[in-house]
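The next block holds one structure in the form of structure tokens; read it before the comments.
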Amino acid sequence: MAMNNMSQFSAGENGHGGGGDGDGAKISREPGIPPFITKTYEMVEDPNTNSIISWSPSGTSLVIWDHIRFSFELLPKYFKHTNMSSFVYQLNNYGFKKIGLQRWEYENYWFQAGKKHLLSNIKRRDKNLKIQKDFNQETYYYGVEETLRSQRDLNDTLKSEFEKLKKRQDDMANGIASLKEYLENSEAKSRKLLCFLAKAVKQVEIKLGTKRNVEVGEVITRKRRVEDATGSSKSSGKKKMDDFSGYRVEP
Numbered sequence: 001m002a003m004n005n006m007s008q009f010s011a012g013e014n015g016h017g018g019g020g021d022g023d024g025a026k027i028s029r030e031p032g033i034p035p036f037i038t039k040t041y042e043m044v045e046d047p048n049t050n051s052i053i054s055w056s057p058s059g060t061s062l063v064i065w066d067h068i069r070f071s072f073e074l075l076p077k078y079f080k081h082t083n084m085s086s087f088v089y090q091l092n093n094y095g096f097k098k099i100g101l102q103r104w105e106y107e108n109y110w111f112q113a114g115k116k117h118l119l120s121n122i123k124r125r126d127k128n129l130k131i132q133k134d135f136n137q138e139t140y141y142y143g144v145e146e147t148l149r150s151q152r153d154l155n156d157t158l159k160s161e162f163e164k165l166k167k168r169q170d171d172m173a174n175g176i177a178s179l180k181e182y183l184e185n186s187e188a189k190s191r192k193l194l195c196f197l198a199k200a201v202k203q204v205e206i207k208l209g210t211k212r213n214v215e216v217g218e219v220i221t222r223k224r225r226v227e228d229a230t231g232s233s234k235s236s237g238k239k240k241m242d243d244f245s246g247y248r249v250e251p
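If you're matching positions, the sequence shown starts at 1 in the UniProt record's numbering and goes up one per residue.
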């Protein structure tokens with residue numbers, strides 16, 4: 001009976017799901033445990049890939065942290081393909097449920113950290129309409145999440161460009177303000193310099209005018225002194241002549 005089950009699981013995993021044995025990583029086979037489940041468990045258990053896939057803090061679900069690296073690094077190693085949707089399809093086939101929409105997290109009651117003996121309880125479900133519905137829903141969620149992620153990336157890019165433009169505008173405004181302040185200071189200094197030069201010229205003119213007035217005054221004073229001296233000499237000579245004119249010479 002165990003051999004028949006193993007044959008059924010192997011056949012299922014080599015089908016549409018793309019998660020079969022192939023020539024991927026060599027994992028020890030456990031009787032009664034589907035190879036897909038064994039490989040997935042070993043992949044989650046590997047501490048070297050915790051940045052890509054690991055257990056949740058509670059240890060009751062697996063979390064794919066980096067779906068890009070998971071698709072191109074781990075899937076080829078374990079399952080010889082890079083199809084994330086195919087891996088999700090296989091999880092659905094084995095009864096895993098996605099938890100929320102914020103991250104790639106899946107749980108199955110029999111899939112828990114440190115409890116490998118529970119894995120034998122995980123069975124592949126029959127391919128029926130419910131499985132197809134779950135797959136379509138997972139594919140839909142995958143597309144929605146990819147769209148939302150692309151939109152977030154676009155929004156982040158636009159926000160970054162807007163912040164760059166705003167910073168550039170702020171820098172230009174600061175530069176204009178600094179230039180305006182510099183010009184105002186230069187104009188104020190120029191006015192002060194012109195005022196200082198005007199005062200200096202005025203003081204020089206005042207000094208020159210005062211000196212000229214003094215020199216002119218001195219000339220006038222000397223001239224008056226000369227005139228006074230000349231006038232005094234003439235008056236004295238005339239007086240003497242008048243004095244002599246009062247004497248008569250007797251024959």
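Idealized CB from N, CA, C, for every residue including glycine.
Every value quoted in this text rests on a predicted model; they were computed, and no experiment measured them.
(request) Rounded to whole angstroms, what's the CA-CA distance from leucine 194 to lysine 180? Just pull it up for me. (result) Taking the sequence shown and counting its residues from 1, the one referred to as residue 194 is at position 194. Taking the sequence shown and counting its residues from 1, the one referred to as residue 180 is at position 180. Cα to Cα, the separation comes out at about 21 Å.
(request) Work out the CA separation of tryptophan 65 and asparagine 48 for me, nearest whole Å. (result) The residue you call residue 48 lines up with position 48 of the sequence shown. The residue you call residue 65 lines up with position 65 of the sequence shown. For asparagine 48 and tryptophan 65, the distance between alpha carbons rounds to 13 Å.
(request) Compute the Euclidean distance between the alpha carbons of asparagine 213 and glutamate 187, then round it to the nearest angstrom. (result) For the purposes of this step, residue 213 is taken as residue 213 along the sequence shown, with counting starting at 1. For the purposes of this step, residue 187 is taken as residue 187 along the sequence shown, with counting starting at 1. Roughly 38 Å separates the two Cα atoms.
(request) Just tell me which of Ile53, Ser58 and Thr60 has its CA closest to the CA of phenylalanine 72. (result) One-based indexing of the sequence shown puts residue 72 at position 72. Phenylalanine 72 has its Cα closest to that of Ile53, out of Ile53, Ser58 and Thr60.
(message) Here's the rule I'm using: 16 or more other beta-carbon atoms within 10 Å means buried, otherwise exposed. How should phenylalanine 36 be labelled?
(response) Indexing the sequence shown from 1 puts residue 36 at position 36. Answer is buried; the Cβ neighbour count reaches 16.
(request) Go through its chain and collect everything with a Cβ distance to methionine 84's Cβ below 8 Å, but skip five positions before and after it. (result) Stepping through the sequence shown from its first residue, residue 84 is reached at position 84. Only His67, Phe70, Ser71, Leu75 and Tyr142 meet the Cβ criterion.
(message) Could you check whether the segment 102-112 touches the segment 148-157, counting it as contact only if at least three pairs of C-beta atoms, one from each stretch, sit closer than 8 Å?
(response) With a cut-off of 8 Å on Cβ pairs, the segment 102-112 is not in contact with the segment 148-157, counting fewer than three such pairs.
(message) Rounded to whole angstroms, what is the Cα-Cα separation between phenylalanine 196 and valine 216?
(response) Here residue 196 is taken as the residue at index 196 of the sequence shown, counted from 1. Here residue 216 is taken as the residue at index 216 of the sequence shown, counted from 1. A direct Cα-Cα distance of roughly 30 Å separates phenylalanine 196 from valine 216.
(request) Would you list the residues sitting across from tyrosine 106 in a DSSP beta bridge? (result) Numbered from 1 along the sequence shown, position 106 holds the residue referred to as residue 106. For tyrosine 106, which the question treats as bridged, DSSP gives the partners Leu62 and Lys98.
(request) Look at the alpha carbon of alanine 177 and the alpha carbon of glutamine 169, and state the distance between them as a whole number of angstroms. (result) Taking the first residue of the sequence shown as position 1, residue 177 is located at position 177. Taking the first residue of the sequence shown as position 1, residue 169 is located at position 169. So the two alpha carbons sit approximately 12 Å from each other.
(request) Could you check the C-alpha separation between lysine 115 and glutamine 90 for me, to the nearest Å? (result) Residue numbering aside, residue 115 sits at position 115 when the sequence shown is read from its first letter. Residue numbering aside, residue 90 sits at position 90 when the sequence shown is read from its first letter. Whole-angstrom Cα-Cα distance: 21 Å.
(request) Determine the direct distance from the alpha carbon of glutamate 205 to that of glycine 231, and round the result to whole angstroms. (result) Locating residue 231 in the sequence shown gives position 231, counting from the first residue. Locating residue 205 in the sequence shown gives position 205, counting from the first residue. Answer to the nearest angstrom: the Cα atoms are 38 Å apart.
(message) Whole angstroms are fine: how far does the CA of isoleucine 220 sit from the CA of glutamine 203?
(response) As a position in the sequence shown, residue 203 is number 203, starting the count at 1. As a position in the sequence shown, residue 220 is number 220, starting the count at 1. Distance between the alpha carbons of glutamine 203 and isoleucine 220: 25 Å.
(request) From the DSSP output, in three-state form, read off serine 160 for me. (result) Stepping through the sequence shown from its first residue, residue 160 is reached at position 160. Three-state result, serine 160: helix.
(request) Please state whether DSSP places isoleucine 37 in a helix, a strand or coil. (result) Numbered from 1 along the sequence shown, position 37 holds the residue referred to as residue 37. If DSSP states are grouped into helix, strand and coil, isoleucine 37 belongs with the helices.
(request) Would you identify the three-state DSSP class for serine 190, choosing helix, strand or coil? (result) On the sequence shown, residue 190 is found 190 positions in, with the first residue counted as 1. Of the three classes helix, strand and coil, the one that applies to serine 190 here is helix, per DSSP.
(request) Mind checking which residues open and close the beta strand (DSSP E) that includes serine 54? (result) Residue mapping note: residue 54 aligns to position 54 of the sequence shown, counting from 1. Serine 54 -> beta strand (DSSP E) spans 53-55.
(request) Alpha carbon to alpha carbon, how far is leucine 165 from tyrosine 78? Give it in angstroms, no decimals. (result) As a position in the sequence shown, residue 78 is number 78, starting the count at 1. As a position in the sequence shown, residue 165 is number 165, starting the count at 1. Near 47 Å, if we compare the C-alpha coordinates of leucine 165 and tyrosine 78.
(message) In whole angstroms, give me the CA-to-CA distance for glutamate 184 and lysine 199.
(response) Within the sequence shown, the letter at position 184 stands for residue 184. Within the sequence shown, the letter at position 199 stands for residue 199. The straight-line gap from Cα to Cα measures roughly 23 Å.
(request) Whole angstroms is fine: what's the gap from phenylalanine 87's alpha carbon to lysine 98's? (result) Numbered from its first residue, the sequence shown carries residue 87 at position 87. Numbered from its first residue, the sequence shown carries residue 98 at position 98. The straight-line gap from Cα to Cα measures roughly 13 Å.
(request) Following the continuous alpha helix (DSSP H) through asparagine 92, name the residue where it begins and the one where it ends. (result) If you number the sequence shown from 1, residue 92 lands on position 92. Unbroken alpha helix (DSSP H) run through asparagine 92: 84-93.
(message) Does glycine 175 pass the burial test, meaning 16 or more other C-beta atoms within 10 Å, or should it be called exposed?
(response) Taking the sequence shown and counting its residues from 1, the one referred to as residue 175 is at position 175. With fewer than 16 neighbouring CB atoms inside 10 Å of its own CB, glycine 175 falls in the exposed class.
(message) I need the straight-line Cα distance from glutamate 163 to leucine 119, nearest angstrom please.
(response) Here residue 163 refers to the residue found at position 163 when the sequence shown is read from its first residue. Here residue 119 refers to the residue found at position 119 when the sequence shown is read from its first residue. Using only the alpha carbons, I get a separation of about 51 Å.
(request) Taking only the alpha-carbon atoms, compute the straight-line gap between serine 209 and glutamate 218 and give it to the nearest angstrom. (result) For this step, residue 209 is matched to residue 209 along the sequence shown. For this step, residue 218 is matched to residue 218 along the sequence shown. The question names serine, but residue 209 in the sequence shown is glycine. Those two C-alpha atoms are separated by around 14 Å.
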